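Peer 1: Protein chains in written order, with our numbering: chain A, 72 to 373; chain B, 72 to 373; chain C, 72 to 373; chain D, 72 to 373.
Number of protein chains: 4
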Amino acid sequence: MKETQIKRASVPALESILGRVFPVLDHGHVRVIDYMGDDAAIVQAARVSYGAGTKQVHEDRGLIRYLLRNAHTTPFEMCMLKLHVRVPMDCWRQWIRHRTASVNEYSTRYSEAIADQQATLPGAWRLQAAQNKQGSEGFLEAAKGRELSAAEAGFHESARELYQSRLACGVAREQARKDLPLSTYTEAYWAIDLHNLLHFLQLRMDSHAQYEIRQFATLIGEEIVARWVPFVWEAFKDYRMNAMRLSGLETELMKVLINRDDAAAKAWLVERGWLNPQNGKKSREAQEVEAKLEALGLKFPA
Amino acid sequence: MKETQIKRASVPALESILGRVFPVLDHGHVRVIDYMGDDAAIVQAARVSYGAGTKQVHEDRGLIRYLLRNAHTTPFEMCMLKLHVRVPMDCWRQWIRHRTASVNEYSTRYSEAIADQQATLPGAWRLQAAQNKQGSEGFLEAAKGRELSAAEAGFHESARELYQSRLACGVAREQARKDLPLSTYTEAYWAIDLHNLLHFLQLRMDSHAQYEIRQFATLIGEEIVARWVPFVWEAFKDYRMNAMRLSGLETELMKVLINRDDAAAKAWLVERGWLNPQNGKKSREAQEVEAKLEALGLKFPA
Amino acid sequence: MKETQIKRASVPALESILGRVFPVLDHGHVRVIDYMGDDAAIVQAARVSYGAGTKQVHEDRGLIRYLLRNAHTTPFEMCMLKLHVRVPMDCWRQWIRHRTASVNEYSTRYSEAIADQQATLPGAWRLQAAQNKQGSEGFLEAAKGRELSAAEAGFHESARELYQSRLACGVAREQARKDLPLSTYTEAYWAIDLHNLLHFLQLRMDSHAQYEIRQFATLIGEEIVARWVPFVWEAFKDYRMNAMRLSGLETELMKVLINRDDAAAKAWLVERGWLNPQNGKKSREAQEVEAKLEALGLKFPA
Amino acid sequence: MKETQIKRASVPALESILGRVFPVLDHGHVRVIDYMGDDAAIVQAARVSYGAGTKQVHEDRGLIRYLLRNAHTTPFEMCMLKLHVRVPMDCWRQWIRHRTASVNEYSTRYSEAIADQQATLPGAWRLQAAQNKQGSEGFLEAAKGRELSAAEAGFHESARELYQSRLACGVAREQARKDLPLSTYTEAYWAIDLHNLLHFLQLRMDSHAQYEIRQFATLIGEEIVARWVPFVWEAFKDYRMNAMRLSGLETELMKVLINRDDAAAKAWLVERGWLNPQNGKKSREAQEVEAKLEALGLKFPA
């Protein structure tokens, strides 16, 4: 193996925002505490596999794109990011499900709970989605929203009073906290490698992710990862965020449609139970394929 | 390698309680859904390392004890337990920190939140511990306790009303839930291998663990693990729960005390800053060592 | 939540092959030792999220397909498979890189090394691939192959003699083994959850995986997983093995090609550096897209 | 929470050796590529739990010792170390079993194998231990050692020739490598957090670890970790390396012995099957306890 030049990786664009508080939601934030590695560190780790020395920046970009495109994920684990985040507990419940990360959370056993709760503005109450049982769409009308926001403010106050009244009696913090609303903020140090961070971002920047965690994820992606590892960020958008997966069945169907044979496509759909020829109803899978057809300029056969 | 007899491991004592609901706290429970492996499966996996065939039950017990005593942990990963648990969210926040487990949790995005909250009886309000900043000791007096329990009941009702009023307006479940109190119950399927389960039990059955999670952990240990893998359970108690770790420094100190040389022990303590000769104050580490001395029938030099 | 009926999951089709030795390569094998869960267990775990009871088998299949298609991976972790495998060390070096599995390997510190080495038949020497630097294609001519196989047999014998001569001198097994060839067989118990097993199969059944590990992976998939969780296996083939990922850029290109506008497609390719208009050379990414075009019945613009 | 001062952690003592090649064995090495965090970063992460600001260096040391002593492990995950290592494959087989690390290994599918093998000097052939089936003790006599070293040199040469002859025929690298001896060197980038690194060091610096990996582990500990996080290193030696674990049974026995009641101790030993009163034979567990007794200045009752 050729000897490669060693120098601790440093990223001026990221250093310049180290410690800066990026606000998210009403009382939340994200800030970078530390990091390890950069675009070049990924290339360096990948090249140990090839027994090759350092090459040109131009080739670095190409290699990073190649690695990400082909799911060669281990070199991305060679970069680490450490954040300090401030998040409503409800949102944190989703966040913590990402297990391949290191976490130190603010302890409400040891210290008094953070006094902030996430409040909802009158215009920000989202309506239950009709189709997607776990989503939302549109907003509650203003008058109703004002009522709910007022009720919420009162509830938050009574929750704080309840908590404080328990502490005033000498109740242990670990028990006094039992009725904190999920809107209460918590804080944590969160360290994660870049491979797992990209997985987090892919799931949580997605349009199906809940609004609140999407705000955090989008900020981490666009303000932090984009500065830290710009080649990775570019490749991530091309090959992950904007990518589309076609199943074997979908590929079959598309081939028929690309061949402009709508009758054959329709027969294919009926045969697989994706389309009911009587009432024209589409299966869940058929509904999912429509968006993909549109992206390719194709149409679902009427 | 000798051929070993293969048969899917089955444990009648565990089969007999499969699906049984073990109640914990006021509305919580634990029940066994499935499992893989038994005491013999650990032995079998350990013996692949040795290229040895199956031996006597008596030797199985000895090998399991040897493995656990000497931190040969991988054979214990060959057993899995799958539980269905019902736990207050506050308790679940601690539970979920054990990352090497598989989890499917009840979704309050998809379904309405469970209507139960953990209520505290008048005599069950715990006081903040004086020494241990993250613990509790003793109970609040009855009259005060009755006040707090009444206030809690009212708060739980208002929390449920708030939640229902949001749903009634058509607010999305994912947002309506934002002010659920942490005392609200959740449910999950939880699968974990025996090595990681023992780690969970050691931390959560410990007297420093919070009361609520200790109830769950103790039940899992005593009612489920004890039936499932009795040799492991016995060894776990001997070598983990009742074990004591002596640091290099503590060993030094004990050697002096065992030699009945209290003056030398005192000098040792002063030299290391564990004892202030002026005021007799002990360092945190010195306080920790006292319990260990007592277990061995030794005394801290006055 | 509705009460669901609890019974330990059992799969007759898998039970019928429990312990059966499936030979792989010349001296290798795979056999099932134990398992936890089945198709229904995945559905059961997924439904705890929805607070719903058990449904029809027909709907189980649909839900499993939905989960796999949409990367809802946690329910698949609720199933475990435990295998006993016998693998050449060279192959095991790739296998062990899958970190989310539990392993007990035969110890050549504790016991004498297994005497078998993987031998290569005269017609089975593969040639270095011209394009793919880490692949092979075609076979060495027979005469040369016979020479290499004879040389290999001699080398294996001298390696065994060297090892035995060290042991005969009393050299410790942990040191005597230092020159065992990578073709030496090893054995292990290997337990992995179904989610991570599918990931293993996707990578190791792939045509780019090395021949040897592909034999093991294919056998595990087709003989074991197919029997154990038939709905998952069917969905895995449709949505993973036969799936195709299109990047944002590829989708753009295909849309133009589907629109039968070869001139615009060519301009697009040149603009992005995927095609050199002077010499017609394609970039690595352009070469990768060709196979995808073909699957859809499209052609790379000449 | 008080605002803490943010600055990327940097450790001059570690920076000064960044990239330096520390030789290990005959052709191996370790060198530091990058790192994240320092002693203060652990304290910082721990204090987020307590909602407390930064304190004095003196208190940092105390907190780190407290954390390590009491198995509060998460703050140690906030530090990362990235090494470039060069290791015989035989040794790497043990190394890679530590799963919670990130790895990029030199690929002998993509590139020609490294030409170096670990050679054994005539005086360095270790004898099989009599008691410990997986250990070694003492050395082979010089004359025999010279014979084995000469045979080894010949074998290494023939292994290299075999490999080169396959490549010369055009055999694919992925197959040509199948008979490389385990003594062949490999290289890797290896990134691991400090918590898991300490676990690696505890197991691999131990006197029961194999000589070869112990050389690597000891160097990483004493030359790298000691410079990087000196408070952690000091605490690690006190509370882990030099610590002693007493089981509940051992504590019972010691209490009796500390009380100078040898007859009662002997009765205790016989009752538990640790001592055979007829022939004076000790059980495996009794043998293990002897070293602990000695450390405390106690004697096994004759």
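We treat Cβ as the ideally placed atom computed from N, Cα and C, and that holds for glycine.
Bear in mind that the values here come from a model prediction, so they are computed numbers and not experimental data.
Within the same chain, show all residues whose beta-carbon is closer than 8 Å to that of residue 336 of chain B, passing over the 5 residues directly before and after it, in chain order.
Peer 2: For this step, residue 336 of chain B is matched to residue 265 along the second sequence. Correct list, in chain order: 324, 327, 328, 372.
Peer 1: So which residues of chain A does residue 151 of chain D contact, with C-beta pairs closer than 7 Å?
Peer 2: Indexing the fourth sequence from 1 puts residue 151 of chain D at position 80. Neighbours of residue 151 of chain D on chain A, chain order: 107, 151.
Peer 1: Thinking C-beta only, is residue 251 of chain A closer than 8 Å to residue 252 of chain B?
Peer 2: For the purposes of this step, residue 252 of chain B is taken as the residue at position 181 of the second sequence. For the purposes of this step, residue 251 of chain A is taken as the residue at position 180 of the first sequence. Going by C-beta atoms, residue 252 of chain B is nearer than 8 Å to residue 251 of chain A.
Peer 1: Verify whether the separation of the beta carbon atoms of residue 280 of chain C and residue 175 of chain C is less than 8 Å.
Peer 2: For this step, residue 280 of chain C is matched to residue 209 along the third sequence. For this step, residue 175 of chain C is matched to residue 104 along the third sequence. In this structure, residue 175 of chain C does not lie closer than 8 Å to residue 280 of chain C by Cβ.
Peer 1: Taking its Cβ as the centre, do 16 or more other Cβ atoms sit within 10 Å of residue 192 of chain C, making it buried, or is it exposed?
Peer 2: On the third sequence, position 121 is the one that residue 192 of chain C refers to. By the neighbour-count rule (16 or more Cβ atoms within 10 Å), residue 192 of chain C is not buried but exposed.
Peer 1: Looking at the structure shown, is residue 165 of chain C part of a helix, part of a strand, or coil, going by DSSP?
Peer 2: Translated into positions along the third sequence, residue 165 of chain C becomes position 94. Here residue 165 of chain C sits in helix by DSSP.
Peer 1: Starting from the C-beta of residue 111 of chain D, find all residues in its chain whose C-beta is less than 7 Å away, skip the five residues before and the five after it, and write them out in chain order.
Peer 2: Mapped onto the fourth sequence, residue 111 of chain D falls at position 40. Within the same chain, residue 111 of chain D has close Cβ partners 80, 131.
Peer 1: Using 10 angstroms around the beta-carbon of residue 207 of chain A, count the other beta-carbons present and answer buried if the total reaches 16, otherwise exposed.
Peer 2: As a position in the first sequence, residue 207 of chain A is number 136, starting the count at 1. With 16 or more other Cβ atoms within 10 Å, it is buried.
Peer 1: Residue 237 of chain D and residue 224 of chain D - do their beta-carbons sit closer together than 8 Å?
Peer 2: Counting from 1 along the fourth sequence, the entry for residue 224 of chain D is found at position 153. Counting from 1 along the fourth sequence, the entry for residue 237 of chain D is found at position 166. No, they are not a contact pair.
Peer 1: Quick one: what's residue 106 of chain B bridged to in DSSP?
Peer 2: The residue labelled residue 106 of chain B in the question sits at position 35 within the second sequence. Looking at the DSSP assignment, residue 106 of chain B forms a beta bridge with B:152.
Peer 1: Alpha carbons only, please: which of D:348, D:216, D:274 is nearest the one belonging to residue 144 of chain B?
Peer 2: In the second sequence, residue 144 of chain B corresponds to position 73, counting from 1. It is D:274 whose Cα lies nearest to the Cα of residue 144 of chain B.
Peer 1: Would you call the segment 150-168 of chain A and the segment 94-101 of chain A touching, i.e. three or more CB-CB distances under 8 Å?
Peer 2: Touching, yes, given that three or more Cβ pairs across the two stretches are closer than 8 Å.
Peer 1: Please tell me whether residue 330 of chain C has its Cβ less than 8 Å away from any Cβ of chain B.
Peer 2: Within the third sequence, residue 330 of chain C is the residue found at index 259, counting from 1. No - not a single Cβ of chain B is within 8 Å of the one on residue 330 of chain C.
Peer 1: Does DSSP classify residue 325 of chain B as helix, strand or coil?
Peer 2: Walking along the second sequence from the start, residue 325 of chain B turns up at place 254. Residue 325 of chain B falls in the helix class under three-state DSSP.
Peer 1: Which whole-angstrom value is the C-beta distance of residue 234 of chain D and residue 184 of chain D, which I expect to be below 8 Å?
Peer 2: Here the question's residue 234 of chain D lines up with position 163 in the fourth sequence. Here the question's residue 184 of chain D lines up with position 113 in the fourth sequence. Their Cβ separation, rounded to whole angstroms, is 7 Å, which keeps residue 234 of chain D and residue 184 of chain D in contact under 8 Å.
Peer 1: Look up residue 211 of chain A in the DSSP assignment and say whether it is helix, strand or coil.
Peer 2: What you label residue 211 of chain A is simply residue 140 of the first sequence in a count that begins at 1. Here residue 211 of chain A sits in coil by DSSP.
Peer 1: With DSSP as the reference, label residue 302 of chain C as helix, strand or coil.
Peer 2: By 1-based counting over the third sequence, the position of residue 302 of chain C is 231. In the structure shown, residue 302 of chain C sits in a helix (DSSP, three-state: H, G or I).
Peer 1: Can you list, in chain order, the residues of its chain whose CB lies under 7 Å from that of residue 95 of chain D, leaving out five sequence neighbours each side?
Peer 2: Counting from one through the fourth sequence, the residue named residue 95 of chain D turns up at place 24. Taken in chain order, the residues that qualify are 101, 286, 287, 290.
Peer 1: Residue 338 of chain C to residue 118 of chain C, Cα distance in whole Å?
Peer 2: If you number the third sequence from 1, residue 338 of chain C lands on position 267. If you number the third sequence from 1, residue 118 of chain C lands on position 47. One C-alpha to the other measures close to 50 Å.
Peer 1: Would DSSP call residue 199 of chain A helix, strand or coil?
Peer 2: By one-based count along the first sequence, residue 199 of chain A stands at place 128. In the structure shown, residue 199 of chain A sits in a strand (DSSP, three-state: E or B).
Peer 1: Taking one C-beta from the segment 356-368 of chain B and one from the segment 298-311 of chain B each time, how about it: are there three or more such pairs within less than 8 Å?
Peer 2: No, they do not touch.
Peer 1: Considering only their Cβ atoms, is the gap separating residue 352 of chain C from residue 321 of chain C smaller than 8 Å?
Peer 2: Locating residue 321 of chain C in the third sequence gives position 250, where the first residue counts as 1. Locating residue 352 of chain C in the third sequence gives position 281, where the first residue counts as 1. No; because the gap between Cβ atoms is not below 8 Å, this pair is not in contact.
Peer 1: How would you call residue 348 of chain B, buried or exposed, if buried means at least 16 neighbouring beta carbons within 10 angstroms?
Peer 2: On the second sequence, position 277 is the one that residue 348 of chain B refers to. Looking at its Cβ environment, which holds fewer than 16 other Cβ atoms inside 10 Å, residue 348 of chain B is exposed.
Peer 1: Three or more beta-carbon pairs under 8 Å between the segment 197-211 of chain B and the segment 261-277 of chain A, yes or no?
Peer 2: Flag = no, the segment 197-211 of chain B and the segment 261-277 of chain A do not touch.
Peer 1: Kindly indicate which residue of A:146, A:116, A:254, A:82 has the alpha-carbon position closest to the one of residue 267 of chain A.
Peer 2: On the first sequence, position 196 is the one that residue 267 of chain A refers to. Nearest C-alpha to residue 267 of chain A: A:146.
Peer 1: Just the chain B side, please: which residues come within less than 8 Å of residue 254 of chain D by C-beta, in chain order?
Peer 2: Looking up residue 254 of chain D in the fourth sequence gives position 183. Chain B residues near residue 254 of chain D: none, gap ~22 Å exceeds 8 Å.
Peer 1: Taking all protein chains shown into account, decide if residue 249 of chain B is buried (16 or more other Cβ within 10 angstroms of its Cβ) or exposed.
Peer 2: Locating residue 249 of chain B in the second sequence gives position 178, where the first residue counts as 1. Result: buried.
Peer 1: Using a Cβ cut-off of 8 Å, which residues of the segment 224-238 of chain C contact any Cβ in chain B, in chain order?
Peer 2: Cβ contacts with chain B: none found.
Peer 1: Classify residue 243 of chain C: buried if its beta carbon has 16 or more other beta carbons within 10 angstroms, exposed otherwise.
Peer 2: Sequence index remark: in the third sequence, residue 243 of chain C carries index 172 (1-based). Buried, by the Cβ-count rule.
Peer 1: What number of angstroms, rounded off, separates the C-alpha of residue 198 of chain B from the C-alpha of residue 179 of chain A?
Peer 2: Here the question's residue 198 of chain B lines up with position 127 in the second sequence. Here the question's residue 179 of chain A lines up with position 108 in the first sequence. Between residue 198 of chain B and residue 179 of chain A, the C-alpha separation is close to 15 Å.
Peer 1: So the alpha helix (DSSP H) residue 365 of chain D belongs to, where does it begin and stop?
Peer 2: Start at 1 with the first residue of the fourth sequence, and residue 365 of chain D comes out as number 294. It spans 355-366 - the alpha helix (DSSP H) in which residue 365 of chain D sits, taken as one unbroken run.
Peer 1: Name the DSSP bridge partner or partners of residue 140 of chain A?
Peer 2: As a position in the first sequence, residue 140 of chain A is number 69, starting the count at 1. For residue 140 of chain A, which the question treats as bridged, DSSP gives no partner whatsoever.
Peer 1: Given a threshold of 16 other Cβ atoms within 10 Å of its Cβ, counted over all protein chains shown, does residue 116 of chain A qualify as buried or as exposed?
Peer 2: As a working mapping, residue 116 of chain A is identified with position 45 in the first sequence. So residue 116 of chain A ends up on the buried side.
Peer 1: Is residue 151 of chain A closer than 8 Å to residue 216 of chain A when the C-beta atoms are compared?
Peer 2: Here residue 216 of chain A refers to the residue found at position 145 of the first sequence. Here residue 151 of chain A refers to the residue found at position 80 of the first sequence. Not in contact: residue 216 of chain A and residue 151 of chain A (Cβ atoms no closer than 8 Å).
Peer 1: Between residue 84 of chain B and the rest of its own chain, which residues show a CB-CB distance below 7 Å, the 5 nearest in sequence each way excluded?
Peer 2: Taking the first residue of the second sequence as position 1, residue 84 of chain B is located at position 13. 298.
Peer 1: Classify residue 347 of chain A as helix, strand or coil using the three-state DSSP reduction.
Peer 2: The residue you call residue 347 of chain A lines up with position 276 of the first sequence. Residue state, collapsed to three classes: coil.
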